[in-house]
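Take 1 as the starting number for the sequence shown in our numbering and just add one per residue. Idealized CB from N, CA, C, for every residue including glycine. What follows is one structure encoded as C-alpha cells, with my remarks underneath.
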Amino acid sequence: MLKGKSILLGITGSVAAYKAIDLIKGLKNEGASVSVIMTGASKHFVTTMSIEIAASPGPVVWDMFETRMAHIDRPRNADLFIIAPATANTIGKYACGIADNLLNAALLAFTGPVIIAPAMNWRMWQNPMVQKNMQQLASTGVITVGPETGPLACGEEGQGRMAGIETIIEAARKVFTPQDLAGEQVLVTAGPTREYIDPVRYISNRSSGKMGYALAKAARRRGAAVTLITGPSAVNVPDGVETVRVETASEMQQAVMQRIGDSSLFIMCAAVADFAPEATLPEKAEKSAIPSLKLRLNPDILLETSRLAKRPFTVGFSAETGHNIARAKKKMSDKKADMFIFNDVTKEGAGFDSETNEVTMIDGHGETALPCMPKEEVAAAILDRITSLKRGG
Ligand code: PMT
1 MLKGKSILLG ITGSVAAYKA IDLIKGLKNE GASVSVIMTG ASKHFVTTMS
51 IEIAASPGPV VWDMFETRMA HIDRPRNADL FIIAPATANT IGKYACGIAD
101 NLLNAALLAF TGPVIIAPAM NWRMWQNPMV QKNMQQLAST GVITVGPETG
151 PLACGEEGQG RMAGIETIIE AARKVFTPQD LAGEQVLVTA GPTREYIDPV
201 RYISNRSSGK MGYALAKAAR RRGAAVTLIT GPSAVNVPDG VETVRVETAS
251 EMQQAVMQRI GDSSLFIMCA AVADFAPEAT LPEKAEKSAI PSLKLRLNPD
301 ILLETSRLAK RPFTVGFSAE TGHNIARAKK KMSDKKADMF IFNDVTKEGA
351 GFDSETNEVT MIDGHGETAL PCMPKEEVAA AILDRITSLK RGG
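In C-alpha cells form, the structure reads like this:
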C-alpha cells in the first residue's frame with residue numbers, strides 16, 4: 001500500500017517524539033520515502049541527527065527562515081502528511097489556521113490526506129478546547145489515530161499516549177486502499193476451538209488465528225465494519241475490529257448465530273474442533289480415566305448457517321493434508337457456500353501457524369490458485385475475488 005509513497009512526517013514537542021524514529025523505520029520498511037519537519041520544541045525530546053539518520057536521505061527541517069520555501073516544497077511533493085506525535089499546541093494552531101512555524105505553515109499548504117496522532121496528558125486531552133479543535137479537524141477530513149489509554153510520562157494513567165506505531169502505519173495503509181467494502185458488515189471466524197476433557201486438558205488443533213485475523217484486518221482496511229469471532233489466539237487484534245473471544249465450538253456456534261443476521265459477508269476461517277469429549281469432567285481426571293475417553297461430533301457451524309432462510313455471501317475454508325480439491329468442492333456444495341478456500345496444510349510455507357499461505361480459491365466460475373505469499377496478501381486476494389463475485393463476476 002505504501003510502496004513508492006512520499007510521506008511527510010511532522011514531529012512536535014512531546015515525550016513521545018523519540019518514537020518517531022520507529023515510525024520512520026516502519027514506513028520505510030513498507031517502501032515509502034519519509035521527509036521530516038520538526039518543531040523547535042520537539043528538538044528537546046529527540047535530536048535532529050537521530051531523525052535525519054532514520055529518515056535519510058534528505059535533511060530534517062524546522063526553521064521557517066533557514067530553508068527557503070520548505071513550507072511549500074515539502075508538502076507539494078508529499079502524498080500523505082502524518083503528525084506524530086501531535087501536541088495540543090500544534091493541533092490547536094492547525095484547527096485555527098495559524099502558521100507561526102514551519103510545520104504549521106506546511107500543514108496549511110498541504111492539500112492531501114492528513115493523519116494526526118495526538119500525545120498529551122489526559123487532562124489536556126479531555127479539555128473542551130482540545131476536543132473542539134479535534135472536532136474542527138475531523139470535520140475537514142483529518143484522520144485521528146489514538147490517543148491510547150495507559151501510563152503517561154507524568155506518572156499518571158489515562159487517555160493520552162500516542163497510538164502504537166503499527167496503528168499509525170495501518171491508518172496510512174488505509175488512506176491508499178480503495179474503500180470497496182465500505183457499508184459491508186463482515187463476520188470473520190479465526191483460530192482453533194478448545195474442547196475440554198477436564199478443567200486442565202483439552203482437544204484442539206494447530207490453528208494460530210493468523211489467517212483469520214489477516215482477513216479481518218484486510219476487510220477493515222477496505223472500509224468494512226468487521227466482527228471477529230476468535231478462538232484462543234496470541235495474534236494482536238486488528239485496530240477497529242470488534243472482537244468476540246470464545247473457547248469451544250458451541251460458544252463459537254452461539255456467537256456466529258447471534259451475529260450472522262446482521263452480516264453481509266461471512267468468512268468461516270476458524271479451525272473448529274470436529275470432536276469434543278462426550279462430557280467434561282468437573283475435576284482434573286486421574287490418568288487412568290483418559291483411555292476410556294468417549295468423543296462426540298461438534299456442531300458444524302457452516303452447515304448450520306446454510307439452513308438459514310437468509311444468509312450473507314459465505315466463504316468457507318477447507319484444510320486438507322494433500323492436493324484433495326475434490327474434497328474442498330464437496331464441502332462447498334454440502335455447506336452451500338458461495339466460495340471455498342482450499343488449503344493444503346502440508347505444503348511448505350502454508351497452513352497452520354505460518355506467516356505465509358498458499359491456497360486455491362474455488363467459486364461458481366472455477367478455481368484460482370494463488371502463489372505462496374504473506375497471509376495479509378492472501379487475505380487481500382481473497383477479498384478482491386469476493387468483491388468481484390459480489391459485483392456479479
Ligand atoms: O490459523 P492459522 O494458523 O493461520 O491457519 C489457517 C488455517 C489452516 C486454520 C485456515 O487457513 C483454514 O484452513 N481454516 C479451515 C480449517 C478447517 O476446519 O477446515 P475443515 O475443512 O475442517 O472445515 C471446512 C469448513 O467448515 C471450514 O470453513 C470450517 O470453519 C467449517 N467448520 C468445520 C467444522 C465445524 N464443526 N464447523 C464448521 O463450521
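key: Three-state secondary structure assigned by DSSP to Arg311   = It is coil, neither helix nor strand.
ask   = Would you say the stretch 123-138 touches the stretch 165-176, given that touching needs at least three Cβ pairs under 8 Å?
value = no
task = Give the range of the alpha helix (DSSP H) segment to which Asp73 is assigned.
result = Ala70 to Arg76
Simplified DSSP assignment, three categories, for Asn127 = DSSP places Asn127 in coil when its eight states are reduced to three.
query = Which one of Thr12, Tyr196, Val272 and Gly146 has the shortest CA to CA distance from Pro282?
reply = Taking Pro282 as reference, the option from Thr12, Tyr196, Val272 and Gly146 with the minimal CA-CA separation is Tyr196.
key: Which listed residue (Glu320, Ala54 and Ala270) has its alpha carbon closest to that of Val359   = A check of alpha carbon separations from Val359 across Glu320, Ala54 and Ala270 identifies Glu320 as the nearest.
inquiry  = Give me the residue from Asp198, Asp73, Ser208 and Ala381 with the minimum Cα distance to Glu286.
reply    = When Asp198, Asp73, Ser208 and Ala381 are compared, the shortest CA-CA separation from Glu286 is found for Asp198.
inquiry  = Rounded to the nearest angstrom, what separates Gly40 and Phe176 at their Cα positions?
reply    = 31 Å
message = Is it buried or exposed, Asp63, if we count other Cβ atoms within 10 angstroms and call 16 or more buried?
response = exposed
ask   = Which residues in the same chain as Ile203 place their Cβ atom closer than 6 Å to its Cβ, once the five residues preceding and following it in sequence are excluded?
value = Glu195 and Ala273
query = What number of angstroms, rounded off, separates the C-alpha of Thr189 from the C-alpha of Thr144?
reply = 28 Å
Between the CA atoms of Ala32 and Pro57 - distance to the nearest angstrom = 12 Å
key: Stretch-stretch touch, CB-based, cutoff 8 Å, three pairs: the stretch 302-311 with the stretch 348-365   = With contact defined as three or more Cβ pairs closer than 8 Å, the stretch 302-311 and the stretch 348-365 are not in contact.
task = Give me the Cα-Cα distance between Val378 and Val186, rounded to the nearest whole angstrom.
result = 17 Å
task = Output the distance between the C-alpha atoms of Ser388 and Ser263, rounded to the nearest integer angstrom.
result = 18 Å
key: Beta-carbon proximity check, Ala249 vs Asn298, cutoff 8 Å   = Yes, these two residues count as a Cβ contact at 8 Å.
key: Alpha carbon of Asp384 to alpha carbon of Ala218, nearest angstrom   = The alpha-carbon atoms of Asp384 and Ala218 are separated by roughly 10 Å.
query = How would you write the range of the alpha helix (DSSP H) that Ile115 sits in, first residue to last?
reply = Careful: Ile115 lies outside any alpha helix (DSSP H), inside the beta strand (DSSP E) at Val114 to Pro118.
ask   = What are the boundary residues of the alpha helix (DSSP H) that includes Gln179?
value = Boundaries for Gln179: no alpha helix (DSSP H) harbours it, and the DSSP string shows neither H nor E there.
message = Measuring straight from C-alpha to C-alpha, what distance separates Val46 and Lys93?
response = 22 Å
request  = Could you spell out the range, first to last residue, of the alpha helix (DSSP H) harbouring Met257?
outcome  = Ala249 to Arg259
ask   = Considering only residues of the same chain and omitting the five flanking positions on each side of Lys19, which have a CB-CB separation below 8 Å?
value = Answer for Lys19: Ala84, Pro85, Met162 and Ile165, listed in chain order.
ask   = Can the beta-carbon of Leu80 be found closer than 8 Å to that of Gly112?
value = yes
key: Sub-8 Å separation of Met252 and Ala270 beta-carbons   = The Cβ atoms of Met252 and Ala270 sit closer than 8 Å to each other.
query = Is Ala55 closer than 8 Å to Ile98 when the C-beta atoms are compared?
reply = Contact check for Ile98 against Ala55 fails: the beta carbons are separated by 8 Å or more.
key: Option in Asn324, Lys294 and Ile7 with minimal Cα separation from Arg74   = Ile7
query = To which residues of the same chain is Glu52 closer than 7 Å at the C-beta, ignoring the five residues directly before and after it?
reply = Pro59 and Val60
inquiry  = At a cut-off of 7 Å, would you count Met268 as near ligand 1, judging by its Cβ distance to the nearest heavy atom?
reply    = yes
task = Look up Ser33 in the DSSP assignment and give the residues it is bridged to.
result = Ser6
request  = Compute the Euclidean distance between the alpha carbons of Gly4 and Ile301, then round it to the nearest angstrom.
outcome  = Cα to Cα, the separation comes out at about 43 Å.
ask   = Looking only at its own chain, which residues have a Cβ that is under 8 Å from the Cβ of Phe110, when we skip the five neighbours before and after it?
value = Leu8, Pro75, Ala78 and Phe81
message = What ranges does the beta strand (DSSP E) occupy inside the stretch 200-275, keeping only unbroken runs of at least 3 residues that lie completely in it?
response = Correct list: 201-203, 225-230, 242-245 and 265-268.
request  = Helix, strand or coil for Ile362, going by three-state DSSP, please let me know.
outcome  = strand
inquiry  = Which residue marks the beginning of the alpha helix (DSSP H) containing Ile51, and which one marks its end?
reply    = First-last of the alpha helix (DSSP H) with Ile51: Thr48 to Ala55.
ask   = Taking 7 Å as the cut-off, is the CB of Met373 close to at least one heavy atom of ligand 1?
value = no
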